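**Q** Residue numbers (the numbering used here): 329 to 407. Virtual Cβ for every residue (Gly too), placed ideally from N, Cα, C. Source: prediction; values computed, not measured.
1) Taking residue 384 as part of the alpha helix (DSSP H), name the residues at either end of that continuous run.
2) From residue 331 to residue 350, what distance separates their C-alpha atoms?
3) For residue 385, count the other beta carbons within 10 Å of its own beta carbon; 16 or more makes it buried, fewer makes it exposed. Which is it?
4) What's the C-alpha gap between residue 348 and residue 367?
5) Residues in its own chain within less than 7 Å of residue 340 by CB, not counting five upstream and five downstream?
6) Mapping DSSP to helix, strand and coil, what is residue 369?
In structure tokens, the structure reads:
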């Protein structure tokens with residue numbers, strides 16, 4: 329049986345929105361997940377890596393290169 333999973337990780341911080349300086353200037357440069365991984369380089373998040381989250385935040389190191397699933401979306405703040 330096929331499975332469908334929707335994973336919403338609100339406030340996990342995978343990078344700032346493109347218009348962040350206009351909408352929420354205090355969040356410019358936000359990337360909570362990226363900062364955590366830069367401080368803990370040996371941290372393993374295998375499921376999130378397979379889902380493509382690490383690639384989404386711009387970390388394309390060799391250990392993060394394999395993405396098993398194709399579809400990954402990024403929401404926008406409601407205006």
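**A** Let me spell this out:
1) Taken as a continuous stretch (DSSP letters only), the alpha helix (DSSP H) holding residue 384 covers 381-384.
2) About 39 Å.
3) In this structure residue 385 is buried. Its beta-carbon is surrounded by 16 or more other beta-carbon atoms within 10 angstroms.
4) Going by the C-alpha atoms only, they are around 24 Å apart.
5) Here residue 340 has 360, 361 as same chain residues with Cβ atoms under 7 Å from its own Cβ, once five neighbours each way along the sequence are excluded.
6) When DSSP states are grouped into helix, strand and coil, residue 369 belongs to the coil group.
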